[in-house]
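Below is one structure, written out as structure tokens, with a few remarks after it.
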Amino acid sequence: MKIGITTTVPVEAMLAGGHTPVDLNNLFISHARRADFIERAERNGYPVTCCGWVKGIYGAVLSEGIEKIVAVMQGDCSNTQALAESLELHGVEIVPFSYPFGRDRRLLREQLAVFCRRMGTTMTEAEEMRLILAGIRKKLQIIDDLTWQDGRINGFDNHIALVSASDMFGDPDAFERELDRLLEKASRKKAPVDFQHAIKLGLVGVPPINPDIYDCIEQNEARIVFNEVQRQFAMLDSASDLVEQYANYTYPYDISGRIADIKEQIRLRGICGIIHYVQAFCFRQIEDLILRKKLSVPVLSIEGNYPGPLSAQNRLRIETFTENIKLARGSE
Ligand code: SF4
Numbered sequence: 002m003k004i005g006i007t008t009t010v011p012v013e014a015m016l017a018g019g020h021t022p023v024d025l026n027n028l029f030i031s032h033a034r035r036a037d038f039i040e041r042a043e044r045n046g047y048p049v050t051c052c053g054w055v056k057g058i059y060g061a062v063l064s065e066g067i068e069k070i071v072a073v074m075q076g077d078c079s080n081t082q083a084l085a086e087s088l089e090l091h092g093v094e095i096v097p098f099s100y101p102f103g104r105d106r107r108l109l110r111e112q113l114a115v116f117c118r119r120m121g122t123t124m125t126e127a128e129e130m131r132l133i134l135a136g137i138r139k140k141l142q143i144i145d146d147l148t149w150q151d152g153r154i155n156g157f158d159n160h161i162a163l164v165s166a167s168d169m170f171g172d173p174d175a176f177e178r179e180l181d182r183l184l185e186k187a188s189r190k191k192a193p194v195d196f197q198h199a200i201k202l203g204l205v206g207v208p209p210i211n212p213d214i215y216d217c218i219e220q221n222e223a224r225i226v227f228n229e230v231q232r233q234f235a236m237l238d239s240a241s242d243l244v245e246q247y248a249n250y251t252y253p254y255d256i257s258g259r260i261a262d263i264k265e266q267i268r269l270r271g272i273c274g275i276i277h278y279v280q281a282f283c284f285r286q287i288e289d290l291i292l293r294k295k296l297s298v299p300v301l302s303i304e305g306n307y308p309g310p311l312s313a314q315n316r317l318r319i320e321t322f323t324e325n326i327k328l329a330r331g332s333e
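Under my numbering, think of the first position of the sequence shown as 2, with each following residue one higher.
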């Protein structure tokens, strides 16, 4: 059965139970009628002052006839409960999942066990699936390395590969074939000559609703070499079991884990600036002030609202940000 997911959840349990996970964010943003999905949500009573991703998911579920979704009630989005309740009105079945505050492993194990039961499988079968998917996660790791080590895979392709790990296209074999194609294409390329001197930036925060942000950054002689949240979705760090894998995942817990991860990657990847993407009307915008305080490199916050191209104002702000980094480099 096709089951929609509102964010990354234990995909191993869904696949072990014989279901086809569908990441509703990816379904919405890649759909030709994505603007209609948002319009439908607003017509049905969603406020204009609600996040575009939430409205897009709502519209996508109803328009695409998704009958069941997994909704993460703790650790993802403060709007998910209301989203789930408004979908229930239309007969959509809701399966809740929660990431326990404070990464409590006992509670996380219990959540995983309950989730496995709801998916019609067991922890043992889900663990077996974890081992099968480990080969795919290794390939994602190589893709990520090729992005920051020599630029043979650009920031946008890195973003698409990593963000798609949440549902693995609902078909891990097809997903792996797509990763193989990307790796094969990269193996035939030479590393871009200007890569070593390019301004290396990290993109942190929720995945951007305006994907042309990557082109805009490259047009300014800079490159995204780190997609923070997308990399977390891909779960590249090795783990001994499902509990450890989902406890290592930084995104649903407190921000200190995310900051430690971002700092480590800034150091490892030689990143000289961070772009913090924030979504209009998202509670996570508050985290911007913490990131600015805790990170030692310049931070530019870019806000998006509706899907489509970046605004002229955001393009200008990116241009100014990269120019300032270039000037600071020149004066060193
Ligand atoms: S961008 Fe923020 S408000 Fe919107 S779905 Fe994501 S976490 Fe929720």
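Heads up, the beta-carbon is just placed ideally off N, CA and C, and yes, glycines get one too.
Predicted, not measured: the structure shown is a model, and the values here were computed from it.
Hey, is the stretch 191-209 in contact with the stretch 127-145, meaning 3+ C-beta pairs nearer than 8 Å?
-> no
Separation of residue 270 from residue 149, as counted between CA atoms | Walking along the sequence shown from the start, residue 149 turns up at place 148. Walking along the sequence shown from the start, residue 270 turns up at place 269. About 6 Å.
Would you mind reading off the limits of the alpha helix (DSSP H) that contains residue 291?
-> By 1-based counting over the sequence shown, the position of residue 291 is 290. It spans 288-295 - the alpha helix (DSSP H) in which residue 291 sits, taken as one unbroken run.
Could you tell me whether any non-hydrogen atom of the ligand SF4 is closer than 7 Å to the CB of residue 77?
-> Locating residue 77 in the sequence shown gives position 76, counting from the first residue. Within the cutoff, so yes.
Roughly how many angstroms separate the alpha carbons of residue 5 and residue 24, rounded to a whole number?
-> Residue mapping note: residue 5 aligns to position 4 of the sequence shown, counting from 1. Residue mapping note: residue 24 aligns to position 23 of the sequence shown, counting from 1. Those two C-alpha atoms are separated by around 6 Å.
The ligand SF4 heavy atoms versus the CB of residue 211: any closer than 7 Å?
-> Along the sequence shown, read from residue 1 onward, the residue named residue 211 stands at position 210. For the ligand SF4, not one heavy atom lies less than 7 Å from the Cβ of residue 211.
C-alpha distance - residue 161 paired with residue 233, whole-angstrom precision = One-based indexing of the sequence shown puts residue 161 at position 160. One-based indexing of the sequence shown puts residue 233 at position 232. Straight-line Cα distance between these residues: approximately 13 Å.
Assuming residue 77 contacts residue 253 under a Cβ cut-off of 8 Å, what Cβ separation, rounded to an integer in Å, is found between them?
-> Taking the sequence shown and counting its residues from 1, the one referred to as residue 77 is at position 76. Taking the sequence shown and counting its residues from 1, the one referred to as residue 253 is at position 252. Confirmed, about 6 Å.
Relative to the ligand SF4, is the shortest distance from any of its heavy atoms to the C-beta of residue 285 smaller than 7 Å?
-> The sequence position of residue 285 within the sequence shown is 284, counting from 1. True, at least one ligand heavy atom lies under 7 Å from that Cβ.
Report back the beta-carbon spacing between residue 57 and residue 30 to the nearest angstrom; my notes put them in contact at under 8 Å.
-> Stepping through the sequence shown from its first residue, residue 57 is reached at position 56. Stepping through the sequence shown from its first residue, residue 30 is reached at position 29. 7 Å between Cβ atoms; contact.
Could you check the C-alpha separation between residue 21 and residue 236 for me, to the nearest Å?
-> Your numbering for residue 21 matches position 20 in the sequence shown. Your numbering for residue 236 matches position 235 in the sequence shown. Roughly 19 Å between the two C-alpha positions.
Are there three or more Cβ pairs, one per stretch, closer than 8 Å when the stretch 113-126 is compared with the stretch 178-186?
-> no
Keeping to the same chain, check which residues put their C-beta closer than 7 Å to that of residue 165; ignore five residues upstream and five downstream.
-> Taking the first residue of the sequence shown as 1, we reach residue 165 at position 164. Closer than 7 Å at Cβ, skipping near neighbours: 27, 176.
For residue 302, the first and last residue of its enclosing beta strand (DSSP E) | Taking the sequence shown and counting its residues from 1, the one referred to as residue 302 is at position 301. Segment 300-305, the beta strand (DSSP E) holding residue 302.
Check whether residue 209 and residue 305 have beta carbons under 8 Å apart = Position 208 of the sequence shown, counted from the start, is the residue given in the question as residue 209. Position 304 of the sequence shown, counted from the start, is the residue given in the question as residue 305. Contact: yes.
Taking all protein chains shown into account, do 16 or more other C-beta atoms lie within 10 angstroms of the C-beta of residue 48, making it buried, or fewer, making it exposed?
-> The residue labelled residue 48 in the question sits at position 47 within the sequence shown. Classification for residue 48: exposed.
Comparing the CB of residue 149 with every heavy atom of the ligand SF4, is any distance shorter than 7 Å?
-> As a first step, residue 149 must be located in the sequence shown, where it is residue number 148. For the ligand SF4, not one heavy atom lies less than 7 Å from the Cβ of residue 149.
Among residues of its own chain, excluding the 5 on either side of residue 153, which ones have a beta-carbon nearer than 6 Å to its beta-carbon?
-> In the sequence shown, the residue the question calls residue 153 occupies position 152. Hits under 6 Å: 147, 187, 190, 192.
In three-state DSSP terms, what is residue 67?
-> The residue you call residue 67 lines up with position 66 of the sequence shown. Coil at residue 67, not helix or strand.
Residues bridged to residue 38 by DSSP?
-> Your numbering for residue 38 matches position 37 in the sequence shown. Partner(s): none; residue 38 has no beta bridge.
Residue 213 lies in the beta strand (DSSP E); which residues open and close that run?
-> Taking the first residue of the sequence shown as position 1, residue 213 is located at position 212. First-last for residue 213: undefined, no H or E at that position.
Enumerate, from N- to C-terminal direction, the unbroken alpha helix (DSSP H) stretches of 4 or more residues contained entirely within the stretch 189-276.
-> 214-220, 229-235, 243-249, 256-270
Is residue 102 closer than 8 Å to residue 73 when the C-beta atoms are compared?
-> Taking the first residue of the sequence shown as position 1, residue 73 is located at position 72. Taking the first residue of the sequence shown as position 1, residue 102 is located at position 101. Cβ atoms of residue 73 and residue 102: not closer than 8 Å.
Any non-hydrogen atom of the ligand SF4 within 7 Å of residue 82 CB = Taking the sequence shown and counting its residues from 1, one reaches residue 82 at position 81. No, the Cβ of residue 82 stays beyond 7 Å of every heavy atom of the ligand SF4.
Residues bridged to residue 98 [DSSP beta-bridge criterion] = By 1-based counting over the sequence shown, the position of residue 98 is 97. Residue 98 is bridged to 73.
First and last residue of the alpha helix (DSSP H) that includes residue 10?
-> Residue mapping note: residue 10 aligns to position 9 of the sequence shown, counting from 1. Here residue 10 belongs to no alpha helix (DSSP H), and DSSP marks it neither H nor E.
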